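Participant: Numbering (our numbering), first residue to last: 1055 to 1415.
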Ligand code: FES
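What follows is the structure, given as structure tokens:
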């Protein structure tokens, strides 16, 4: 069955790959784009106008660290003028009171602050940046003073999953309205550190319990979004809510992608703005149409009663684990690929001592 193509709701604009941090779970590609490859201010502004015309409502400004772009305020103002709801996804490094006030004046709607750990020692070690935690806490204070709606984003893994209760407490302390507790997803650089980051089953079970208890307790005060580690799930996640249905990503050099990791699938060819119009790419490009609807699905997914729940799962994960982007997501217990994933989890999660992190630099 061919899918009806609706316009995207959200755009993730990866303004830059530059970042002062070096998190071992970074989902950006192993090979990062240099500053010289980034779209210019004017081109980004044009992309935002095109996005709004296409039907995009929410713009997530990301990176790398988007504050590494000196034109960030100008870009936010342009997005605001185009009528887009703007969310800044940041580590906080590179922001200061003056810059945050300028972003407020430019119309920034929301801030999503990443959290590497709840102590200086842990956060600075995970982020690979000495002094980063203190600077982040200072930025969080200013965000609170200004009154930006704040979401805290905590990527959880073997090293920090036991700190989950303290992580939730920190979100409350910082005045966040929402916390995203995202168990590490293995894409990009994170694959290099998979064995070091892989939580144990006991940690995962405990985390689920902590979240289940915290959600009703904090209702009305803090919204908790929990992304469980899908290697430990029985069924795949509905990645991107289905390929090419809801969201579009633009890489720092203008490459337009159906998801964050799509460029890892070698057989797909991607197009770029501004050479090609965003709407043409969204509706007509081969890459966006590759996994839309259900025609592409293997028989197992075609006939599955979860077909319209998880849409066949994550294509990038099928490629990363099985080397075949058309295969059922190996997380699915009904799939042959699950045995491969089980062996991998068994080998990695059960280690008494995890290997050391490999940092980008
Ligand atoms: Fe690409 Fe899931 S990350 S489809």
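Virtual Cβ for every residue (Gly too), placed ideally from N, Cα, C. None of the values given here were measured: they were computed from a predicted structure.
1) In whole angstroms, give me the CA-to-CA distance for residue 1385 and residue 1297.
2) From this set, 1363, 1356, 1395, which residue's C-alpha is nearest residue 1373's C-alpha?
3) Can you determine whether any heavy atom of ligand 3 sits closer than 7 Å to the C-beta of residue 1314, and answer yes or no?
4) Between residue 1013 and residue 1324, how many whole angstroms is the CB-CB distance? I'm expecting something under 8 Å.
5) What's the call for residue 1364, buried or exposed, on a 16-neighbour Cβ count within 10 Å?
6) Can you pull the DSSP bridge partners for residue 1115?
7) Would you identify the three-state DSSP class for residue 1108, choosing helix, strand or coil?
8) Taking DSSP as the reference, what is the three-state secondary structure of residue 1240?
9) Using DSSP with H/G/I as helix, E/B as strand and the rest coil, what is residue 1277?
10) Quick check: the Cα distance between residue 1160 and residue 1361, rounded to an integer number of angstroms?
11) For a minimum of 3 consecutive residues, which ranges assigned as the beta strand (DSSP E) are wholly contained in the stretch 1199 to 1240?
12) Is it right to say residue 1089 is buried, meaning 16 or more other beta carbons lie within 10 angstroms of its own, or is it exposed?
13) Can you check which of these residues, 1289, 1287, 1230, 1181, is closest to residue 1274 by C-alpha distance?
14) Could you compute how far the alpha carbon of residue 1186 sits from the alpha carbon of residue 1358?
15) Ends of the alpha helix (DSSP H) at residue 1164?
16) For residue 1099, count the other beta carbons within 10 Å of its own beta carbon; 16 or more makes it buried, fewer makes it exposed. Which is it?
17) Residue 1263: buried (16+ other C-beta within 10 angstroms of its C-beta) or exposed?
18) With respect to 7 Å, is the separation between the Cβ of residue 1355 and the closest non-hydrogen atom of ligand 1 below this value?
19) Under 8 Å, with one C-beta from each stretch per pair, do the stretch 1140 to 1153 and the stretch 1163 to 1178 reach the 3-pair mark?
20) Closest by CA to residue 1109, which one among 1137, 1285, 1284?
21) What separation, rounded to the nearest whole angstrom, lies between the Cα atoms of residue 1293 and residue 1114?
22) Report buried or exposed for residue 1253, applying the criterion of at least 16 other Cβ atoms within 10 angstroms of its Cβ.
23) Sort 1219, 1094, 1345 by Cα distance to residue 1059 and report the nearest one.
24) With distance defined between alpha-carbon atoms, name the residue in 1188, 1139, 1213 nearest to residue 1420.
25) Between 1079, 1404, 1150, 1221, which lies nearest to residue 1199 when the distance is taken from Cα to Cα?
Facilitator: Taking the coordinates as given:
1) 17 Å
2) 1395
3) For the structure depicted, ligand 3 is absent and the ligand set comprises only ligand 1.
4) The shown model of the chain, from 1055 to 1415, leaves out residue 1013, and the question about it has no answer.
5) buried
6) 1067, 1142
7) helix
8) coil
9) strand
10) 43 Å
11) 1204 to 1210, 1232 to 1237
12) exposed
13) 1230
14) 47 Å
15) Where residue 1164 is concerned, there is no enclosing alpha helix (DSSP H), although the beta strand (DSSP E) it sits in stretches over 1164 to 1169.
16) buried
17) exposed
18) no
19) yes
20) 1137
21) 17 Å
22) buried
23) 1345
24) Past the edges of the chain, shown from 1055 to 1415, lies residue 1420, and the structure says nothing about it.
25) 1150
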